[in-house]
Amino acid sequence: MIALGFEGSANKIGVGVVTLDGTILSNPRHTYITPPSQGFLPRETAQHHLHHVLLLVISTLETANVTPDDIDCICYTKGPGMGAPLQVSTVIVRVLSHLWKKPIVAVKHCVAHIEIGRVVTGAVDPVVLYVCGGNT
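With the numbering used here as the guide, the letters of the sequence shown map in order to residues 1462 to 1597.
Written out as structure tokens, the structure reads:
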């Protein structure tokens, strides 16, 4: 199984291709950088994501050497995160799902961090402490 995944919950937009066993075939990203001493705002962050997301889709498919026909599902970060940036990924995923006739898988951001840790470490039944909002 091959998934196309979107992550855009904060100032970084990423589009990756991954297999069921956790092999990352491609994972390009683009980060919104704000002017010095200014935080990133939802509207400007969403505009950044919208500007870069389609080029990231093209790049990740080319790098992974896959076509839409090879993709089994399309995943996206459903939350938590910044609402406006999350909506960019959500809309793109819905459009691609409709065009390519692929199912959508919504992923909870916190659970994704835990699952990535399991795959990377090979842990079978880990005990996890996830602290959310560490930078607020």
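For glycine and all other residues, C-beta sits at the position ideal for the given N, C-alpha and C.
>> Just verifying my parser: in three-state terms, what is the DSSP assignment at Thr1484?
In response: In the structure shown, Thr1484 sits in coil (DSSP, three-state: anything other than H, G, I, E or B).
>> Quick check: the Cα distance between Leu1502 and Gly1578, rounded to an integer number of angstroms?
In response: When rounded, the distance between both Cα atoms is 29 Å.
>> If you reduce the DSSP assignment to three classes, tell me which class Glu1468 lands in.
In response: In the three-state reduction of the DSSP assignment, Glu1468 falls in the strand class, which pools E and B.
> Residues bridged to Ile1474 by DSSP?
Replying inline: DSSP output for Ile1474 lists His1491 as bridge partner(s).
>> Using 8 Å as the cut-off, can you tell me whether the stretch 1515-1523 makes contact with the stretch 1484-1498, which would need three or more C-beta pairs spanning the two stretches below that distance?
In response: Look at the beta carbons and you see the stretch 1515-1523 touching the stretch 1484-1498: at least three pairs across the two are nearer than 8 Å.
> How big is the Cα-Cα spacing for Ile1553 and Thr1524?
Replying inline: In a straight line, the C-alpha of Ile1553 is about 20 Å away from that of Thr1524.
>> Can you give me the C-alpha to C-alpha distance between Ile1532 and Gly1483, rounded to a whole angstrom?
In response: Answer to the nearest angstrom: the Cα atoms are 15 Å apart.
> Ordered along the chain, which non-local residues of its own chain (more than five positions away) have a Cβ less than 6 Å from that of Ala1507?
Replying inline: Within the same chain, Ala1507 has close Cβ partners Ala1545, Pro1546 and Val1549.
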